[in-house]
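One structure is given below, encoded as structure tokens.
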Amino acid sequence: MHDRVDVTIIGGGPTGLFAAFYAGLRGMSVRILDSLPELGGQLTALYPEKYVYDMPGFPAVLAKDLARDLIQQGTQFHPDLVLGETADHLAADEEGYVITTTSGVALPTRTIIVAAGAGAFSPTRIGLEGEADWENQGVYYGVRSLETFRDRDVLI
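Going by this note's numbering, the first residue of the sequence shown is number 114, and it counts up by one from there.
Below, the structure is given as structure tokens:
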């Protein structure tokens, strides 16, 4: 079992990262729980190579650059990172709550902030026989790097 923290943030995207920064700034112990294997949420998982035009203070910023800066800011107070795990159950106890993940990891906490955005997401697959054999080798569900597709014919 993990140690109890002051606040567990469910979601490691922009809002969750800023919540982690602010809680850490106020001296709280913090944990970030995210179903993805890396921080950044949709910025890193779905469109790292796209520009974001609706971020205050930036006329336009590349999603992966915004994610990099948010991750740097959000982790500067060293939150406990629990990545690749999904919250499955919540139970109250005498000191707050215990979040249990789908793999059975128990995460005791005093407070919970849900910053899940669109929530855990996975691509909508085409449904063709053998499709999984071609994932990231010809069948892609997002553009993680423009270089992957440079000088290639692409069907969308």
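Ideal Cβ positions, reconstructed from N, Cα and C, are used throughout, including at glycine.
Rounded to whole angstroms, the separation of the alpha carbons of GLY125 and GLU151 is 8 Å. By the beta-carbon neighbour count (other beta carbons within 10 angstroms, threshold 16), THR215 is exposed. Per DSSP, reduced to three states, the secondary structure at ASP119 is strand. DSSP, read as helix, strand or coil, puts ALA204 in strand. Residue ranges of uninterrupted alpha helix (DSSP H) with 4 or more members, entirely inside the segment 155 to 209 and ordered along the chain, are 155 to 158, 176 to 187.
If you look at THR224, you'll find it isn't in any alpha helix (DSSP H); it sits in the beta strand (DSSP E) that goes 219 to 227.
With contacts defined as CB atoms closer than 8 Å, ALA200 and ILE123 qualify as a contacting pair. Within the model, the alpha-carbon separation for GLY230 versus LEU196 is close to 16 Å.
Ranked by Cα distance from LEU138, the first of ILE226, GLY187, LEU241, ALA158 is GLY187. Under the 10 Å beta carbon count, SER258 is surrounded by fewer than 16 other beta carbons and is classified as exposed.
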